[in-house]
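*Asks:* In the working numbering, the protein residues as written are 17 to 403.
Cβ coordinates follow ideal geometry from the N, Cα and C atoms, glycine included.
(1) Which stretch, first to last residue, makes up the beta strand (DSSP E) that contains residue 281?
(2) DSSP state of residue 405, grouped into three classes?
(3) Below 8 Å CB to CB, which residues in the same chain sit around residue 176 once its five sequence neighbours on both sides are set aside?
(4) Excluding sequence positions up to five away, which residues of its chain have a Cβ less than 8 Å from the Cβ of residue 229?
(5) Would you kindly report the start and end of the unbroken beta strand (DSSP E) that includes residue 163?
(6) Check the DSSP bridge columns for residue 271 and list the partner residues they point to.
(7) Excluding the 5 residues flanking residue 391 on each side, which residues of the same chain have their C-beta closer than 8 Å to its C-beta?
(8) Start and end of the beta strand (DSSP E) containing residue 370?
(9) Are the CB atoms of residue 395 and residue 93 within a distance shorter than 7 Å?
(10) Using DSSP's beta-bridge definition, name the partner residues of residue 391.
(11) Return helix, strand or coil for residue 359, following the three-state DSSP convention.
(12) Answer yes if the stretch 251-261 comes into contact with the stretch 202-213, meaning at least three C-beta pairs across the two stretches below 8 Å, and no otherwise.
(13) When you compare each of 387, 362, 222 and 78 to residue 64 by their alpha carbons, which one comes out closest?
(14) Is DSSP giving residue 324 helix, strand or coil here?
(15) Contact check, residue 183 vs residue 105 under 8 Å by CB: the rounded distance?
(16) Which residue's Cα is closest to the Cα of residue 57: 206, 51, 44 and 78?
(17) Under a Cβ-count criterion, where at least 16 other Cβ atoms within 10 Å of its own Cβ denotes burial, should residue 52 be classed as buried or exposed?
(18) Once the 5 residues before and after residue 311 are set aside, which same chain residues still bring their CB inside 6 Å of it?
(19) Can you tell me whether residue 346 is buried or exposed, with buried defined as 16 or more other CB within 10 angstroms of its CB?
(20) Sort 273, 275, 291 and 393 by Cα distance to residue 281 and report the nearest one.
(21) Short of 6 Å in beta carbon distance, which residues of its chain neighbour residue 307, apart from the five on each side in sequence? Order them along the chain.
(22) First and last residue of the beta strand (DSSP E) that includes residue 401?
(23) When burial is assigned at 16 or more other CB atoms within 10 Å of the CB, is residue 224 buried or exposed?
(24) Can you tell me whether residue 385 is buried or exposed? The criterion is at least 16 other CB atoms within 10 Å of its CB, across all chains shown.
(25) With residue 226 as the anchor, note down where its beta strand (DSSP E) starts and where it stops.
(26) Helix, strand or coil: how does DSSP classify residue 99 here?
(27) Whose C-beta lies closer than 8 Å to the C-beta of residue 356 among residues of the same chain, with five residues either side of it excluded?
(28) Per DSSP, which one or two residues make a beta bridge with residue 308?
(29) Rounded to the nearest angstrom, what separates residue 98 and residue 365 at their Cα positions?
(30) Do you know whose CA, among 304, 189 and 336, lies nearest residue 319's CA?
(31) How long is the line joining the alpha carbons of residue 277 and residue 315, rounded to whole angstroms?
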């Protein structure tokens, strides 16, 4: 009997150890600051390095840096009387595409006198420019990886637009923005032929991320407190995953919701990894969810937080998330913030945390990406960081 019991115990130990193995604890390490960086509106990370853009005195200034922070090139865009850039992306060739607004030429007012007035004081009267033209033409700038302006494309003047995101595919560009009465979607060919702006929802909906497909359709992500695509509001505000066709019409809407909850998706990748916020019953969390192409979740995790910031694609099917953590994280040692503090965590393809980077020095993060041979790169107003 004793021998039988020993055999049973041994069998249980050998059969359950692999299946019930607990993931190894991860020690949080400090993210590394590579270089300081100038104040900027936005940034793009590509295989060549980091390119930032800033709006200064009616001009757009682009600065390209390598991954050590050394300047590669600088370009000043000033083809119109006034211009601002708001969003940027890079294509497979390393070209930078900027989306922004431009103003039409400003005409000088002239007056034809019917008589010759007497100028007893000898005052020189200068021509007075007309009022500053509105920034009301959506514009795309294409800049080569070497820093040359290749092309500028503008749609006909309509009305001002706050551009929030841009996404590229092999056959076109999708521009997403807000005119105060709903999200606006504009598509363009790679040669600057723009479609008519399509409005999605009302001011009760806000989309922050877009991922364009090769057929011109796209996935858009954000939040809404109204019915969309036949799907009614569930919480105070629901997170939204939606698909639009190449004409900008909604074809599928999935709501991330709970009764009395306020939810929003802040950042999304082309691989359907989403990072967002959940507020319910006085509790604040960040949600990290990997979806499939049908918007069905494959894994998800929530952690106490005061705001999600960015998501990025990692190696081997993994992903990164940057958020403002407010507590310890299961499976991560050396991390117990007393106030909301930025941290980057890396998930493997199954949602297991495999890396944690303390990021207290990262302020106002602009963009984040993993580059093969370099690693994780984070750009913020305080510098370029590597993890």
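*Replies:* Once the coordinates are examined:
(1) 278-284
(2) The structure shown does not extend to residue 405, since the chain is modelled only from 17 through 403, so no value can be given for it.
(3) 117, 150, 151, 152 and 195
(4) 185 and 235
(5) Taken as a continuous stretch (DSSP letters only), residue 163 belongs to no beta strand (DSSP E), as it is neither H nor E.
(6) 256
(7) 402 and 403
(8) 369-374
(9) no
(10) 387
(11) strand
(12) no
(13) 387
(14) strand
(15) 6 Å
(16) 78
(17) exposed
(18) 257 and 270
(19) exposed
(20) 291
(21) 288 and 313
(22) 399-402
(23) buried
(24) buried
(25) 221-228
(26) strand
(27) 321, 322, 323, 340, 341 and 342
(28) Looking at the DSSP assignment, residue 308 forms no beta bridge with any residue, so it has no partner.
(29) 46 Å
(30) 304
(31) 20 Å
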